[in-house]
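Sequence lines, in order, name chains Y and Z.
Count along the first sequence from 1, add 23, and you get the number used in this note's numbering.
Count along the second sequence from 1, add 50, and you get the number used in this note's numbering.
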Amino acid sequence: EGGAAAHDEL
Amino acid sequence: MNIFRVSADILHLLSILVLLLKIHATKSCAGISLKTQELYLAVFVTRYLDLFWNFHSLYNSVFKVVYIATSSMIIWYMKRHRGVKQTYDKDHDTFRYLFLIVPCAVLALIVNGRFSLFEILWTFSIYLEAVAILPQLVLLQRTKNVDNLTGNYVFLLGLYRAFYILNWIYRYATEPHYSAWIVWLSGLVQTGLYLDFFYYYLQAWKQSKKLQLPS
């Protein structure tokens, strides 16, 4: 997954 | 949440406050690229669309609102404020931002985590943020003499994503299944664009001289 884990960042 | 992430967000906020301070206190936006500010507003609006239905934390929501509000305020100052808009360096701030927006949009359509409207807009915002500083860097290069507050603004803004890189390393080491390579690569590019500027900024700081960029 390219970026799903970073959705909790700004 | 870790110390790197919090430091990064505070640095980002500080950079914006320094810029607002410069504009408000000196009533001048000389050396500031309106193109870059408009790109940042586009970044924030496309990334934080989920503000109303995706509640993650109060921390995140407050920052999202603050980023959208402050970048709108900066643009308002530069375009509408009677005194400030006259100091805008229109003739030097000529970067064609479609050259950034179109490739980022195309790339977001091709390379994304999931093919859905909000995921693509979010990915677009990640790509666009990486390169949004370019009009500002070009403007600094053209005007050469950089005033203190503008120099500090760009420095803090560059440092912010560098701290995110530390946060990603930390999270990768401590959280199982934490992976976000689109964000990591974009963040590396984003920070990389500042390396040249960091070099001259730190040189000037070490010699306590005014920041001057070479041609």
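All residues carry an ideal CB built from backbone N, CA and C; glycine is no exception.
Through-space distance from residue 53/Z to residue 73/Z, alpha-carbon basis:
Their Cα atoms are separated by approximately 30 Å.
If we cut at 8 Å on Cβ distances, does residue 230/Z have a partner in chain Y?
With 8 Å as the cut-off, residue 230/Z counts as an interface residue toward chain Y.
Exercise for review: At 4 residues or longer, and completely inside the region 141-176 of chain Z: list those alpha helix (DSSP H) runs for me, N to C.
Suggested key: Runs of the alpha helix (DSSP H) inside the region 141-176 of chain Z: 148-160.
### Query
Of all the options 80/Z, 228/Z, 176/Z and 102/Z, which has the alpha carbon lying nearest to the alpha carbon of residue 197/Z?
Closest option to residue 197/Z, Cα to Cα, is 80/Z.
Report the option in 215/Z, 218/Z and 187/Z whose CA atom is closest to the CA atom of residue 263/Z.
Residue 187/Z is the option with its Cα nearest to residue 263/Z.
- Item | N-terminal and C-terminal residue of the alpha helix (DSSP H) that residue 60/Z is part of | 53-76 is the span of the alpha helix (DSSP H), which, as asked, contains residue 60/Z.
| Cross-chain neighbours of residue 113/Z in chain Y, by beta carbon under 7 Å | Neighbours of residue 113/Z on chain Y, chain order: 33.
Original post:
Taking the Cβ atom as the reference point for each residue, do residue 123/Z and residue 82/Z lie within a distance shorter than 8 Å?
Top reply: No, the Cβ-Cβ distance between residue 123/Z and residue 82/Z is not below 8 Å.
Does any C-beta atom of chain Y lie closer than 8 Å to the C-beta of residue 59/Z?
-> For residue 59/Z, the answer is yes, since a Cβ of chain Y falls inside 8 Å of its Cβ.
With the cut-off set at 8 Å, would you say residue 78/Z and residue 144/Z are in Cβ contact?
Their beta carbons are not under 8 Å apart, which means residue 78/Z does not touch residue 144/Z by this criterion.
query: What distance in whole Å lies between the Cβ atoms of residue 175/Z and residue 97/Z, which are believed to be in contact at a cut-off of 8 Å?
result: Indeed, because the Cβ distance is near 4 Å, the residues count as touching under 8 Å.
**Q.** Residue from 108/Z, 114/Z and 85/Z with nearest C-alpha to residue 149/Z
**A.** It is 85/Z.
Check your understanding: Under a three-way DSSP split, which group does residue 257/Z fall into?
Key -> Residue 257/Z: coil per DSSP, three-state reduction.
| Residues near residue 336/Z by beta carbon distance below 6 Å, same chain, minus five either side | Residue 336/Z is absent from the model: chain Z starts at 51 and stops at 265.
query: Which residues bound the alpha helix (DSSP H) around residue 219/Z?
result: Segment 198-224, the alpha helix (DSSP H) holding residue 219/Z.
task: Within the same chain, show all residues whose beta-carbon is closer than 6 Å to that of residue 202/Z, passing over the 5 residues directly before and after it, in chain order.
output: If the five residues before and after residue 202/Z are omitted, its C-beta is found closer than 6 Å to the C-beta atoms of 68, all from its own chain and listed in chain order.
| task | Starting from residue 113/Z, trace the alpha helix (DSSP H) both ways and give me its first and last residue. | result | Per DSSP, residue 113/Z belongs to the alpha helix (DSSP H) from 108-130.
| Between the region 147-163 of chain Z and the region 176-184 of chain Z, are three or more C-beta pairs nearer than 8 Å? | Remark: three or more beta-carbon pairs, one from each stretch, lie closer than 8 Å, so the region 147-163 of chain Z and the region 176-184 of chain Z are flagged as touching.
ask   = Hey, would you say residue 28/Y sits closer than 8 Å to residue 228/Z, going by beta carbons?
value = Cβ atoms of residue 28/Y and residue 228/Z: closer than 8 Å.
Check your understanding: Just by C-beta distance, which residues in the region 153-177 of chain Z are closer than 9 Å to chain Y?
Key -> Answer in chain order: 161, 162, 163, 164, 169, 172, 173 and 176.
(Q) Please tell me whether residue 142/Z has its Cβ less than 8 Å away from any Cβ of chain Y. (A) Not one chain Y Cβ lies under 8 Å of residue 142/Z.
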